[in-house]
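Written below as structure tokens is the structure these notes are about.
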Amino acid sequence: MPCKIWNKILHCYFLDSLVALQKISHQNSNINSRIKINFIFIFSSPMDKDLLYQIALTLVPNLGCVPVKSLVSFFGNAEAVFKAKKRDLSAIDQIGTIKAESIKSFDNFIAAEDEIKFIEKYKIHPLFITSDDYPKRLLNCYDPPALLYYRGNADLNESKIISVIGTRANTDYGKQITEQLITDLSVMKVLVVSGLAYGIDAIAHKSALQNDLDTIGILAHGLHTIYPHHHKSLAKEMILHGGLLTEFRNGTKPDKFNFPSRNRIVAGMSDATIVIETAIKGGSMITAELANNYNRDVFALPGKITDSKSAGCNYLIQNNKAILFTDSKDLMENLGWHEKKFSRKKQRELFIELSDDEKIIIKMLQQKDAVHIDEINLGCNLSSSAIAAAILNLELQNVITSLPGKMYKLL
Numbered sequence: 087m088p089c090k091i092w093n094k095i096l097h098c099y100f101l102d103s104l105v106a107l108q109k110i111s112h113q114n115s116n117i118n119s120r121i122k123i124n125f126i127f128i129f130s131s132p133m134d135k136d137l138l139y140q141i142a143l144t145l146v147p148n149l150g151c152v153p154v155k156s157l158v159s160f161f162g163n164a165e166a167v168f169k170a171k172k173r174d175l176s177a178i179d180q181i182g183t184i185k186a187e188s189i190k191s192f193d194n195f196i197a198a199e200d201e202i203k204f205i206e207k208y209k210i211h212p213l214f215i216t217s218d219d220y221p222k223r224l225l226n227c228y229d230p231p232a233l234l235y236y237r238g239n240a241d242l243n244e245s246k247i248i249s250v251i252g253t254r255a256n257t258d259y260g261k262q263i264t265e266q267l268i269t270d271l272s273v274m275k276v277l278v279v280s281g282l283a284y285g286i287d288a289i290a291h292k293s294a295l296q297n298d299l300d301t302i303g304i305l306a307h308g309l310h311t312i313y314p315h316h317h318k319s320l321a322k323e324m325i326l327h328g329g330l331l332t333e334f335r336n337g338t339k340p341d342k343f344n345f346p347s348r349n350r351i352v353a354g355m356s357d358a359t360i361v362i363e364t365a366i367k368g369g370s371m372i373t374a375e376l377a378n379n380y381n382r383d384v385f386a387l388p389g390k391i392t393d394s395k396s397a398g399c400n401y402l403i404q405n406n407k408a409i410l411f412t413d414s415k416d417l418m419e420n421l422g423w424h425e426k427k428f429s430r431k432k433q434r435e436l437f438i439e440l441s442d443d444e445k446i447i448i449k450m451l452q453q454k455d456a457v458h459i460d461e462i463n464l465g466c467n468l469s470s471s472a473i474a475a476a477i478l479n480l481e482l483q484n485v486i487t488s489l490p491g492k493m494y495k496l497l
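Numbered per the numbering used here, the sequence shown spans residues 87 to 497.
Here it is, written out as structure tokens:
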């Protein structure tokens with residue numbers, strides 16, 4: 087590299103590293119992406135460095151969350167993705183030469199640095215797909231967001247999480263049922279998730295707060311604003327008793343095409359989705375369909391056949407896409423949340439020869455009254471087929487039993 091360019095770089099020492107380097111790189115095409123990346127992090131802490139790579143990976147054109155999941159799974163972290171050779175990137179499933187070229191030519195690290203400044207200023211928690219605090223239920227979905235931005239204090243991996251959704255133009259009946267549902271669930275530590283929209287969403291959030299339950303609002307925009315604006319005071323209270331969660335970086339507006347992406351998080355991070363009232367078309371129907379695709383339980387409140395606001399719920403029930411919701415007791419029983427506690431019969435292990443896989447599952451079940459199949463899949467480090475075979479054998483030997491809601495417990 088010519089000496090003049092190095093001199094320019096040295097003069098940038100006390101300047102913002104990214105801005106300065108960006109200007110130089112535009113004037114000198116000889117500065118390749120590898121040199122830019124290495125220089126960027128001379129002034130970065132290890133945490134900032136990791137986060138900058140993670141944010142940058144979500145900014146690469148033509149690279150969606152599914153390819154990012156494949157890349158991180160193969161290379162281990164975002165930094166390794168950027169430092170990988172083009173031919174190695176191209177060989178990854180769902181990447182190919184076009185996406186590989188997008189990664190290697192990406193140089194807009196300034197936008198990632200700006201996002202970090204915003205994160206630090208407003209005390210936002212970035213949750214990359216490999217983070218310990220990332221919502222584990224989303225990891226079982228085909229298309230989990232690569233990076234989430236979170237403001238709040240609730241545990242996104244609570245043992246019991248429900249999503250409550252419905253129309254923006256609810257009836258008094260819908261409001262009454264939603265409030266009763268949340269009140270009934272207040273006897274348990276249930277995390278209530280919804281979309282912070284008008285109608286059923288807002289009723290669910292407010293009812294959760296009134297019953298001392300944490301509640302999470304999933305947003306279709308960045309954390310620089312609140313939509314609808316009328317819910318700003320509600321959002322502030324939720325940050326103190328729950329939180330706000332989004333995959334969109336600051337500055338992203340609540341455009342209509344963002345809402346289906348938002349809805350998949352509502353469906354994917356909960357154990358069950360309860361649809362209170364909805365027309366035959368709309369966001370709630372999309373969320374219910376996504377929940378079914380994610381193998382989550384869906385419940386729907388039935389209504390009059392002449393009521394357009396119940397047409398969607400009636401359709402879901404009629405087509406076996408939702409369980410008919412009548413009361414909270416049935417809901418909790420279906421989810422396995424209302425089971426009585428039984429003493430562990432550990433003596434049984436003395437008389438049954440267990441495989442190594444079966445012992446791993448037994449050890450997990452000994453920690454809780456009941457464990458969801460998703461938690462078993464995440465915690466056992468076994469293949470899905472090995473887990474299925476072990477669970478079946480344990481059931482046949484009367485060591486464990488299955489509960490409603492895809493839960494398992496020891497006998």
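Ideal Cβ positions, reconstructed from N, Cα and C, are used throughout, including at glycine.
Ignoring anything shorter than 3 residues or poking outside the segment 362-395, list the beta strand (DSSP E) runs there in chain order. 383-386
Are the segment 447-461 and the segment 490-497 touching, with three or more C-beta to C-beta distances below 8 Å? yes
Output yes or no for whether 8 Å exceeds the beta carbon distance between residue 421 and residue 340. Along the sequence shown, one-based indexing puts residue 421 at 335. Along the sequence shown, one-based indexing puts residue 340 at 254. In this structure, residue 340 does not lie closer than 8 Å to residue 421 by Cβ.
Under three-state DSSP, which class holds residue 292? Sequence index remark: in the sequence shown, residue 292 carries index 206 (1-based). Helix at residue 292.
Paired residues, beta bridge with residue 214 - DSSP: By one-based count along the sequence shown, residue 214 stands at place 128. According to DSSP, which records beta bridges pairwise, residue 214 is partnered with 233.
Pick helix, strand or coil for residue 492, following the three-state DSSP scheme. The residue given as residue 492 occupies position 406 in the sequence shown. Looking at residue 492 - three-state DSSP - the assignment turns out to be coil, as it is neither helix nor strand.
Using C-beta distances below 8 Å, list every residue in its chain close to residue 344, excluding the 5 sequence neighbours before and after it, in chain order. Taking the first residue of the sequence shown as position 1, residue 344 is located at position 258. 306, 307, 334, 338.
Spatial neighbours of residue 446 in its chain, beta-carbon cut-off 6 Å, leaving aside the 5 residues before and after: Taking the sequence shown and counting its residues from 1, the one referred to as residue 446 is at position 360. Once the five neighbours on either side are set aside, the close Cβ partners of residue 446 are 466.
CB-CB length for residue 180 against residue 152, believed under 8 Å: Here residue 180 refers to the residue found at position 94 of the sequence shown. Here residue 152 refers to the residue found at position 66 of the sequence shown. Yes, they are in contact, since the Cβ atoms of residue 180 and residue 152 sit about 6 Å apart, within 8 Å.
Using the Cβ count rule (16 or more neighbours within 10 Å means buried), how would you classify residue 159? Working through the sequence shown from its first residue, we reach residue 159 at position 73. Exposed, because fewer than 16 other Cβ atoms sit within 10 Å of the Cβ of residue 159.
Tell whether a beta-carbon distance below 8 Å holds between residue 248 and residue 281. The residue you call residue 248 lines up with position 162 of the sequence shown. The residue you call residue 281 lines up with position 195 of the sequence shown. Contact: no.
What does the alpha-carbon distance come out to for the pair residue 398 and residue 387? Start at 1 with the first residue of the sequence shown, and residue 398 comes out as number 312. Start at 1 with the first residue of the sequence shown, and residue 387 comes out as number 301. Approximately 10 Å, taken between the alpha carbons.
So, at 6 Å on beta carbons, what are the nonlocal neighbours of residue 268 in its own chain, with the 5 sequence-adjacent residues on each side left out? Walking along the sequence shown from the start, residue 268 turns up at place 182. Here the set comprises 293, 294, 297.
Exposed or buried, residue 93, counting other C-beta atoms within 10 Å across all chains shown (16 or more means buried)? Here the question's residue 93 lines up with position 7 in the sequence shown. Interpretation of residue 93 is limited by its pLDDT of 42, a score under 50 that renders its predicted location unreliable; no figure is taken from the coordinates.
Validate contact between the segment 213-228 and the segment 348-363 using beta carbons, cut 8 Å, 3 pairs: yes
Give, in chain order, every unbroken run of the beta strand (DSSP E) that is at least 3 residues long and sits entirely within the segment 261-293. 277-280
Member of 360, 246, 205 whose CA lies at the smallest distance from the CA of residue 238: To locate residue 238, count along the sequence shown from 1; it is residue 152. When only C-alpha atoms are compared, the closest one is 205.
At what residues does the alpha helix (DSSP H) containing residue 156 begin and finish? Translated into the one-based positions of the sequence shown, residue 156 becomes position 70. Per DSSP, residue 156 belongs to the alpha helix (DSSP H) from 151-161.
Starting from the Cα of residue 450, find the closest Cα among 479, 478, 486, 419 and give me that residue. The residue given as residue 450 occupies position 364 in the sequence shown. Minimum Cα distance to residue 450 is reached at 486.
Can you give me the C-alpha to C-alpha distance between residue 473 and residue 328, rounded to a whole angstrom? As a working mapping, residue 473 is identified with position 387 in the sequence shown. As a working mapping, residue 328 is identified with position 242 in the sequence shown. If you take the alpha carbons of residue 473 and residue 328, they lie about 34 Å apart.
Rounded to the nearest angstrom, how far is the Cβ of residue 349 from that of residue 331, given a contact under 8 Å? The sequence position of residue 349 within the sequence shown is 263, counting from 1. The sequence position of residue 331 within the sequence shown is 245, counting from 1. Contact flag wrong, Cβ pair sits at about 13 Å.
With respect to the beta strand (DSSP E) encompassing residue 249, which residues constitute its N-terminal and C-terminal limits? As a position in the sequence shown, residue 249 is number 163, starting the count at 1. Residues 247-251.
Other residues of its chain near residue 443: CB distance less than 7 Å, five sequence neighbours each side excluded: Taking the first residue of the sequence shown as position 1, residue 443 is located at position 357. Excluding sequence neighbours, residue 443 sits near 468, 472, 476.
If we count the other Cβ atoms within 10 Å of its Cβ and call it buried at 16 or more, is residue 273 buried or exposed? Here residue 273 is taken as the residue at index 187 of the sequence shown, counted from 1. The residue in question, residue 273, is exposed, as its Cβ has fewer than 16 Cβ neighbours within 10 Å.
Would you report the Cα separation of residue 379 and residue 189, rounded to the nearest angstrom? In the sequence shown, counting from the first residue as 1, residue 379 sits at position 293. In the sequence shown, counting from the first residue as 1, residue 189 sits at position 103. Near 30 Å, if we compare the C-alpha coordinates of residue 189 and residue 379.
Buried or exposed, going by whether 16 or more other CB atoms sit within 10 Å of the CB of residue 116? The count along the sequence shown starts at 1 and reaches residue 116 at position 30. Bear in mind that a pLDDT of 41 at residue 116, under 50, signals an unreliable position, so the number given afterwards is only what the model happens to contain. Exposed.
Per DSSP, which one or two residues make a beta bridge with residue 186? Numbered from 1 along the sequence shown, position 100 holds the residue referred to as residue 186. None; residue 186 has no bridge partner.
Three-state class that DSSP yields for residue 486 in the structure shown: Residue mapping note: residue 486 aligns to position 400 of the sequence shown, counting from 1. In this structure, residue 486 counts as strand in the three-state DSSP scheme.
Please report the straight-line C-alpha distance between residue 164 and residue 351, rounded to a whole angstrom. Here residue 164 is taken as the residue at index 78 of the sequence shown, counted from 1. Here residue 351 is taken as the residue at index 265 of the sequence shown, counted from 1. C-alpha separation (whole angstroms): 22 Å.
Does residue 104 pass the burial test, meaning 16 or more other C-beta atoms within 10 Å, or should it be called exposed? Along the sequence shown, read from residue 1 onward, the residue named residue 104 stands at position 18. Because residue 104 carries a pLDDT of 46, less than 50, the predicted location of this residue cannot be relied on, and no value is offered for it.
On the three-state DSSP scale, how would you describe residue 457? Position 371 of the sequence shown, counting from 1, holds the residue named residue 457. In the structure shown, residue 457 sits in a strand (DSSP, three-state: E or B).
If you draw a straight line from the C-alpha of residue 319 to the C-alpha of residue 140, how long is it? Mapped onto the sequence shown, residue 319 falls at position 233. Mapped onto the sequence shown, residue 140 falls at position 54. Straight-line Cα distance between these residues: approximately 31 Å.
Would residue 263 and residue 362 be called neighbours here (beta carbons separated by less than 8 Å)? The residue given as residue 263 occupies position 177 in the sequence shown. The residue given as residue 362 occupies position 276 in the sequence shown. A contact, by the Cβ cut-off of 8 Å.
When the Cα atoms are used, what is the spatial distance from residue 275 to residue 161? Stepping through the sequence shown from its first residue, residue 275 is reached at position 189. Stepping through the sequence shown from its first residue, residue 161 is reached at position 75. Approximately 37 Å between the Cα atoms of the pair.
Got a sec, what are the start and stop residues for the beta strand (DSSP E) residue 354 sits in? The residue you call residue 354 lines up with position 268 of the sequence shown. Segment 345-354 is the alpha helix (DSSP H) holding residue 354; no beta strand (DSSP E) there.
Delimiting residues of the beta strand (DSSP E) encompassing residue 328: Working through the sequence shown from its first residue, we reach residue 328 at position 242. Residues 328-332.
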